[in-house]
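Chains as they are written, first to last, in my numbering: chain A, 2 to 314; chain B, 17 to 489.
By construction, the Cβ of each residue, glycine as well, lies at the ideal position given by its N, Cα and C atoms.
Here the structure comes first, spelled out in structure tokens, and everything after it is commentary.
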């Protein structure tokens with residue numbers, strides 16, 4: 002009996018002196034940290050993916066012309082160079098499942114201006130969520146949960162803990178926004194400033210040559226894209242292909258992409274601008290598939306002309 | 017199951033709670049079943065290999081104890097060792113030996129027709145094989161009674177905290193603990209929790225952080241210059257220490273929580289002032305295994321000078337091979353053997369030089385210089401340990417010797433960004449700060465330590481359930 006008592010008192014001591022206070026301290030500190038992290042870091046950084054997901058879900062700007070797409074949108078289109086009301090929702094590492102998520106949310110909104118700019122990549126219409134930290138802040142939203150699919154984890158609903166291992170990713174975007182050492186940031190866009198030395202760029206070109214690119218189409222995404230286009234005749238969908246280095250075109254199946262562009266152009270409310278073969282010198286590329294700031298200035302000059310010609314104002 | 021996984025976060029409290037709720041006589045069974053589950057979480061079928069060695073060594077132990085005839089006893093021991101080493105040879109060394117035979121055959125214009133085996137190395141094979149071997153050797157030597165309870169013997173080999181990456185325990189230290197009644201003890205629980213938290217901090221916050229830069233350097237040697245390669249190889253020294261010692265801390269912590277004492281496997285090795293001291297502080301359970309079962313039987317240092325050096329070299333070459341079936345590991349072991357022998361050969365000259373300069377009077381500086389030299393030597397040897405092959409190791413050394421200290425932010429951060437680079441140095445600072453704590457983590461302010469460590473793990477930890485480096489051995 003005495004042994005049993007010392008046994009339970011030892012456990013009680015552990016429970017009340019260590020375990021419960023530990024949960025309380027870490028819990029309280031975590032909640033405070035979580036509050037400031039979300040309010041002061043996530044919501045104050047326009048280039049972070051988490052901000053962009055939250056913005057498309059919770060904010061409506063009737064005059065805004067959104068730009069959706071992958072890193073080629075984020076790193077290639079400078080909103081202010083096109084006009085006052087553009088915002089770049091491009092997300093690094095993502096593909097058309099994410100682009101269509103943004104597009105769906107955008108089409109739910111009542112807007113004064115019909116135009117939506119969609120970046121189209123030469124590797125087609127595929128699935129890539131990339132950094133999960135982009136979606137955690139809004140993981141409670143049914144649309145985000147659907148987008149995450151199997152990637153959704155129950156702990157995404159626990160404040161503080163849900164960012165475990167991902168604080169850094171979001172903080173990196175915040176620093177990019179506020180300090181911007183190597184990038185130019187502008188309304189969601191984050192464009193590389195640096196010019197890659199020719200020797201290094203030649204290495205990148207050599208690596209790229211021989212890696213055959215294919216324009217792949219996920220049938221479900223294609224179906225969804227055309228469903229959105231047809232059910233929203235009031236909106237104008239402007240597809241743009243950003244410049245690629247010519248080395249990417251060796252062995253590339255242009256027929257597939259041309260067929261797809263032809264199909265897109267058959268819709269009245271769709272415009273397609275292909276700048277993939279815009280002749281740019283090597284020093285305007287960050288790598289073979291992304292342009293740097295000088296390249297973006299040049300590309301945006303042509304893009305702006307094209308948009309003006311079709312009456313975007 | 018990984019210690020740094022969500023599964024373990026559930027497994028550990030459930031098993032521990034059941035352990036203390038169950039009557040003592042059923043606890044061995046719970047621990048054995050939990051250990052099987054823990055091991056089978058990786059790849060279930062490999063438990064059969066473990067079962068094979070357990071059965072062999074269990075009966076070998078009983079036969080050894082019952083047999084009065086010395087020659088027969090020796091035969092039983094040799095048979096048990098052959099069975100254990102045979103398993104290692106097949107799963108770990110067969111392809112290595114075969115590829116070397118192919119290389120030699122090609123030199124003579126012949127063809128090797130032996131097939132290569134497409135088997136994965138069972139996790140922690142070298143660890144539990146060595147632990148099983150230590151049992152039969154100790155029974156043979158008469159230092160340990162043969163264990164008659166099959167379940168307890170199986171638990172000795174399979175005890176889940178140290179099953180896949182040590183510490184490699186001795187039967188004298190472990191078996192009696194499985195018979196002892198462990199009741200819940202506040203001090204054990206707190207100390208165990210401290211060890212687990214510190215181990216997770218070392219693994220998730222430091223090792224996994226540094227691995228980002230290290231992997232980038234080793235995978236892009238063409239891109240790295242002298243400075244980034246130097247940082248990469250130094251980071252690897254810390255990474256492997258935090259990875260492995262972190263595992264050992266978690267193992268000791270989980271065992272301690274239930275009242276079991278596992279041996280200390282690491283004792284701040286980078287504070288060593290000599291290579292001999294380094295090996296007395298690094299992977300202590302393996303160094304002492306080789307000392308007791310190989311070095312001393314070979315004659316240790318109680319033979320002639322050259323035989324002594326030979327013994328050292330044999331031990332370190334085999335230690336290298338124990339780590340992996342690759343020439344890079346052999347060279348890593350040989351380098352450590354060479355360091356020790358060179359140290360012994362030059363002991364008098366170095367002593368005279370130190371006395372001549374009078375540097376030993378400046379104690380702090382003298383210690384710092386010694387520790388730095390040991391860190392540099394050990395770090396150089398780690399290059400071979402980390403490189404996948406000799407060509408890669410050579411490329412690392414080429415990068416280090418080309419003296420390209422040109423400044424380029426992308427090259428310096430290895431394209432992983434300034435934040436990762438800064439955080440890598442920041443966590444090193446945290447590691448240094450943690451050295452101000454008592455080494456056994458028995459302290460007054462346990463709650464504060466646990467709260468701060470947990471907070472740091474959540475904020476700075478890398479999420480990805482990265483495997484421990486030593487699992488591959």
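| query | result |
| --- | --- |
| If you measure between the beta carbons of residue 398(B) and residue 230(B), is that distance less than 8 Å? | no |
| For residue 222(A), I'd like the list of residues in its chain whose CB is within less than 8 Å of its CB, leaving aside the five on either flank, ordered along the chain. | 97, 98, 101, 126, 127 and 128 |
| Just how far apart, CA to CA, sit residue 384(B) and residue 252(B)? | 21 Å |
| What is the rounded straight-line gap between the Cα of residue 65(B) and the Cα of residue 103(B)? | 8 Å |
| Let me know if residue 33(B) comes out buried or exposed under the rule of 16 or more other beta-carbons within 10 Å of its beta-carbon. | exposed |
| Keeping to the same chain, check which residues put their C-beta closer than 7 Å to that of residue 323(B); ignore five residues upstream and five downstream. | 315 |
| For residue 196(A), would you say it is in contact with chain B, using Cβ-to-Cβ distances shorter than 8 Å as the test? | no |
| State the CB to CB distance for the pair residue 44(B) and residue 194(B), rounded to an integer number of angstroms; the pair is presumed to be in contact (CB under 8 Å). | 6 Å |
| Compute the Euclidean distance between the alpha carbons of residue 13(A) and residue 179(B), then round it to the nearest angstrom. | 31 Å |
| Any idea which residues DSSP pairs residue 119(A) with across the strands? | 69(A) and 240(A) |
| Can you have a look at residue 291(A) and say buried or exposed, based on whether 16 or more other CB atoms are within 10 angstroms of its CB? | buried |
| Unbroken beta strand (DSSP E) runs of length 3 or more, entirely within the region 263-307 of chain A: which are they? | 271-275 and 286-288 |
| Under 8 Å between beta-carbons, which chain B residues line up against residue 23(A)? List them in chain order, please. | 463, 466, 467 and 470 |
| Give, in chain order, every residue of the region 81-102 of chain A whose Cβ lies closer than 7 Å to some Cβ of chain B. | none |
| Taking just the CA atoms, how far does residue 168(B) sit from residue 35(B)? | 15 Å |
| When you compare the CB of residue 474(B) with every CB in chain A, is at least one pair closer than 8 Å? | yes |
| Might you give, ordered along the chain, the residues of its own chain that have their beta carbon closer than 6 Å to the beta carbon of residue 251(A), omitting 5 neighbours on each side? | 210 |
| Which term fits residue 203(B), buried or exposed, when burial requires 16 or more other beta carbons within 10 angstroms of its beta carbon? | exposed |
| Report the three-state DSSP secondary structure of residue 317(B) (helix, strand or coil). | coil |
| Return yes when the Cβ of residue 162(B) is within less than 8 Å of the Cβ of residue 80(B), no when it is not. | yes |
| Taking DSSP as the reference, what is the three-state secondary structure of residue 88(A)? | strand |
| Classify residue 100(B) as buried or exposed, calling it buried when 16 or more other Cβ atoms lie within 10 Å of its own Cβ. | buried |
| Does the region 329-337 of chain B come into contact with the region 367-385 of chain B, if we say contact requires no fewer than three beta-carbon pairs (one atom in each stretch) closer than 8 Å? | no |
| Can you pull the chain B neighbours of residue 27(A), defined as C-beta to C-beta under 9 Å? | 466, 467, 470, 471 and 474 |
| Check this for me: beta carbons of residue 301(B) and residue 140(B), under 8 Å apart or not? | no |
| Which residues in chain A sit within 8 Å of residue 400(B), going by Cβ to Cβ distance? | Result: empty, since nearest Cβ-Cβ is about 27 Å, beyond 8 Å. |
| Cβ of residue 150(B) within 8 Å of Cβ of residue 305(B)? | yes |
| Buried or exposed: residue 281(A), going by 16 or more other Cβ atoms within 10 Å of its Cβ? | buried |
| Which residues does DSSP pair with residue 185(A) in a beta bridge? | 192(A) |
| Check each residue of the region 83-108 of chain B: if its Cβ is closer than 9 Å to any Cβ of chain A, include it; give the result in chain order. | none |
| Flag residue 294(A) as yes if its beta-carbon sits less than 8 Å from any beta-carbon of chain B, otherwise no. | no |
| At a CB-CB cut-off below 7 Å, which residues of chain B make contact with residue 176(A)? | 435 |
| Would you tell me roughly how many angstroms separate the C-alpha atoms of residue 4(B) and residue 215(B), rounded to the nearest one? | Only positions 17 to 489 of chain B appear in the structure, and residue 4(B) is not among them; the question remains open. |
| With a threshold of 8 Å, are at least 3 pairs of Cβ atoms found where one atom belongs to the region 162-173 of chain A and the other to the region 130-142 of chain A? | yes |
| In chain order, which beta strand (DSSP E) runs of at least 3 residues are fully inside the region 172-211 of chain B? | none |
| Let me know the secondary structure DSSP gives residue 218(A) once reduced to three states. | strand |
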